[in-house]
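For reference, the structure is listed below as structure tokens.
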Amino acid sequence: MLTLKHVTKTFHPGTANEKRALNDLSLRLETGEFVTIIGSNGAGKSTMFNAICGTFPVDEGAIFLDGKNMTGLPDYRRASVIGRVFQDPMKGTAPNMTIEENLALAYAKGTRGPLAFALNKKETGFLRDSLAEFGMGLEDRMKTKVGLLSGGQRQVVTLLMCTIVPPKLLLLDEHTAALDPATAQKVMEITNILVKRHCLTTMMITHNMSAALTTGTRTIMMDDGEILFDMSGEQRANTTLETLLSMYSAKKNQTFDTDRMLMPD
Amino acid sequence: MGSLLTLGTLQTAMELGFIYSLVALALFLSYSMLNVCDLSTDGCFILGCAVGATVAISGHPYLAIFAAMGAGVLSGFITAQLQTRFGIESILAGIIVNTGLYTVNIFAMGNRSQISLNATDTVFTKAKALLAGTPFADYYKLIVAVLFVVAAAVLLVMFLRTRLGLSIRATGDNVDMVRASSINPARTITVGLCVSNALTALGGCLLGEYQKSSDIQVGTGMVTIALAALIIGETLSRGHGGIGRRVVFVIIGSCLYRIIMAIAMRLNMPASALKLVSAVIVAVAIAMPYVKQSLSDHRKKQAAMRISEEETEDVKC
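Protein chains in written order, with my numbering: chain A, 28 to 292; chain B, 2 to 318.
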């Protein structure tokens, strides 16, 4: 499904701030895999997402999605097959437009002519029903401007926008980190439902290591722009938080540097 | 001094209000929706006026309307390309195009800075001939202006409800979300500026035919005037409601602005003072919400400062 071949990206090359954010990174994802990604700050997790989405061009290497070379495509072209939810709930929605207008824009993703009306009765009904099943009462506020919603509600709207036309790849960039624990759990439940329903190939960055091991089907730890471990199946099932940390220390010859990753959300 | 407004001046104010509301609608699209301050508005207004006048003089009163709008589209296209393809700051792109348009406008009027339409057939003279003898004969100018504005407003509202229109609105609101919806923001900015400049040029074309002359000075300060109308309208509508309601309020804002101007004229204000009046109106209208908020914050702080410590109960630790 997704293949990264020897991808390299260096920021500020030739200056004192030179930083090799992705270092000859290769990765292959099969269809339907749900990969959780962990790693300390600056490990290259978000940079990898940005490279996949085309936020910036990579220096070397190539990125394939569903057999198609995406490396030269601009970000908005890739977005037709990639859905992405950011940590910041403000990023995924247009605040001065209503919930239904936001959803309609995402729903129309490349499917209809530009001069077709964005909202008709049948569609508003469908969008409303799609939102109703999350049980957050948002279906009664379809004409509310998204800017008036809470962070958790906006994140749910973003999630629905990203999946209403099922993408080939769903990227979740710590999408529950800015929410309170109860809301984060609710958003995570909705995420799991959507991923299962559409059999989405998913990558999720998280700082919660235990969640990383229990969610999804495969876990990757990144460090310094490289993949440190990549485990799935039985090996992953038998891994605990402690073994993960000792594996990290053994490989890096140093202890893990963020306390935040050990804290349960 | 008599009444502040005679029926005649009110009618003139409404005629001008409707014609200028086309420019306010253009800014509604570029400024309120796309969040781009299009400073090529002045030049584009004259461009519409000049092209419309020249085509009308050559004997095509109806074609003049479309030629003017086409010229506006072209001007908007260039402004948009400078922004999206060549990375020029949007305000600067507008200023550059505005400067260049001066030469283009002189050229469009046959290397003159003024041309007269006194003996030329225009949509207004056609309407006058059509309505002669009917009870509406005296209102032919107002009727033409209203018809054009209603048609433009209806088309604009319908356009903003299409998928393309929705993505134009989203571009000014959250450009990342537009990209994530697989829409190229360079395209939405280009289409938006083409449509908005077509409206500006239409306004210029109608004004030229209305006052039977095209002049290189006619667009000076147009951005400020249209912004004044837009902001009066947006303030009155409080930004609530759908696009349709907001568009109606922009048109009302433009008419109100002209009425304020007419009153200023009746108060024997010299014509040269009108630009200062519009500048003050715009500054006051934009500053109002901020000043209100500051005053209310100030009052709350003053009230808080008057509370003495004894009145509050100490919490025992």
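Ideal placement from N, C-alpha and C gives every residue a C-beta, glycine not left out.
Same chain, Cβ closer than 8 Å to residue i, neighbours up to 5 away in sequence not counted
i        : result
B:Ala152 : none
A:Glu150 : Ala131 and Tyr134
B:Ile282 : Ala229, Ile233, Tyr258 and Ile261
A:Leu240 : Thr63, Thr246, Arg263, Thr266, Thr267, Leu268 and Leu271
B:Asp174 : Asn36
Spatial distance of residue i from residue j (CA atoms)
i        : j        : result
B:Phe46  : B:Leu194 : 14 Å
B:Thr221 : B:Ser41  : 11 Å
B:Ala120 : B:Ile58  : 8 Å
B:Leu207 : B:Gln84  : 29 Å
A:Gly71  : A:Ala277 : 20 Å
B:Phe19  : B:Gly111 : 29 Å
B:Gln303 : B:Glu310 : 15 Å
B:Arg113 : B:Ile107 : 6 Å
A:Thr244 : A:Val112 : 20 Å
B:Pro1   : B:Leu26  : The requested residue 1 of chain B does not occur in the structure, where chain B is confined to residues 2 to 318.
A:Phe38  : A:Asn77  : 13 Å
A:Thr210 : A:His202 : 11 Å
A:His225 : A:Gly59  : 9 Å
B:Gly73  : B:Ile217 : 16 Å
B:Leu8   : B:Pro290 : 34 Å
A:Pro291 : A:Ser237 : Summary for A:Pro291: the model assigns pLDDT 49, below 50, so the residue's position carries little reliability; its value from the coordinates is reported in the next sentence. Distance between the alpha carbons of A:Pro291 and A:Ser237: 8 Å.
B:Thr163 : A:Ala145 : 5 Å
B:Met34  : B:Ile244 : 10 Å
A:Met230 : B:Asn185 : 25 Å
B:Ile308 : B:His299 : 15 Å
Close beta carbons around residue i, own chain, < 7 Å, minus the five adjacent residues each side
i        : result
A:Gln180 : Met163 and Leu165
A:Leu206 : Gly178, Gly179, Gln182 and Val214
A:Ser53  : Leu31, Lys32 and His33
B:Leu257 : Ile233
A:Thr35  : Leu49, Asn50, Asp51, Val85, Asp86, Glu87 and Gly88
B:Lys129 : Tyr141
A:Ala121 : Asn129 and Val173
A:Phe161 : Val183 and Ile217
DSSP-derived helix/strand/coil call for residue i
i        : result
B:Gln303 : helix
A:Ile64  : strand
B:Met2   : At B:Met2, the pLDDT of 42 sits below 50, so the modelled position is not reliable and the matter cannot be decided from this model.
B:Arg162 : coil
A:Ala48  : strand
A:His225 : helix
A:Lys195 : coil
A:Met236 : helix
B:Gly9   : helix
B:Asn185 : coil
A:Gly41  : coil
A:Glu201 : coil
A:Pro291 : Annotation note: pLDDT 49 at A:Pro291 (below 50); position unreliable, no value reported.
B:Leu143 : helix
A:Ile220 : helix
B:Phe67  : helix
Interface residues of chain A facing residue i [CB-CB closer than 7 Å]
i        : result
B:Ile184 : Tyr103
B:Met178 : Gly119, Thr120 and Ala121
B:Arg358 : Residue 358 of chain B lies beyond the range of chain B shown here (2 to 318); nothing can be said about it.
B:Asp216 : The premise fails here: B:Asp216 is roughly 37 Å from chain A at the closest Cβ pair, so nothing lies under 7 Å.
Under 7 Å by beta carbon: chain B residues contacting residue i
i        : result
A:Ala145 : Arg162, Thr163, Arg164 and Leu167
A:Leu154 : The contacting residues do not exist; A:Leu154 stays about 13 Å from chain B at best.
A:Ala131 : Leu167
A:Ser259 : In chain order: nothing, as chain B lies at least about 29 Å away.
A:Leu142 : Thr163 and Leu165
Listed by chain order, chain B residues near residue i by CB distance under 9 Å
i        : result
A:Arg111 : Ala181
A:Glu128 : Leu167, Arg170 and Ala171
A:Ala135 : Arg164, Leu167, Ser168 and Ser182
A:Ala106 : Arg180, Ala181, Ser182, Ser183 and Ile184
Closer than 8 Å at the beta carbon, the chain B residues around residue i
i       : result
A:Pro84 : Simply none; closest approach about 15 Å.
A:Ala78 : What A:Ala78 touches in chain B: nothing, since even the nearest Cβ is about 15 Å away.
Residues near residue i by beta carbon distance below 6 Å, same chain, minus five either side
i        : result
A:Arg104 : none
A:Ala159 : Glu166
A:Glu45  : His39
A:Thr185 : Val112, Gly119 and Thr120
B:Val52  : Ala68, Ala69, Ala72 and Ala109
B:Ala54  : Ile116, Leu118, Gly209 and Ser215
Residue i CB to nearest heavy atom of the ligand FMN below 7 Å
i        : result
A:Ile191 : Absent from the structure shown: the ligand FMN. Ligands present: none.
Chain A contact residues for residue i, given Cβ-Cβ distances below 8 Å
i        : result
B:Asp139 : Those do not exist, as B:Asp139 stays about 40 Å from chain A at its closest Cβ, beyond 8 Å.
Could you give the uninterrupted runs of the beta strand (DSSP E) lying entirely in the stretch 194–274 of chain B, keeping only those of 3 residues or more? 214–216
Would you list, in sequence order, the uninterrupted beta strand (DSSP E) runs of no fewer than 3 residues that lie entirely inside the stretch 15–39 of chain B? Correct list: empty.
Scan the stretch 79–120 of chain B and note each continuous beta strand (DSSP E) run of 3 residues or more that stays entirely inside, going in chain order. The DSSP assignment places 115–117 as complete runs of the beta strand (DSSP E) inside the stretch 79–120 of chain B, in order along the chain (cut-off: 3 residues).
Of all the alpha helix (DSSP H) runs that stay within the bounds of the stretch 117–188 of chain A, which reach a length of 4 or more residues? 126–134 and 148–159
Which complete alpha helix (DSSP H) runs does the stretch 54–117 of chain A hold, if anything under 4 residues is left out? Within the stretch 54–117 of chain A, the complete alpha helix (DSSP H) runs of at least 4 residues are 72–80 and 102–105.
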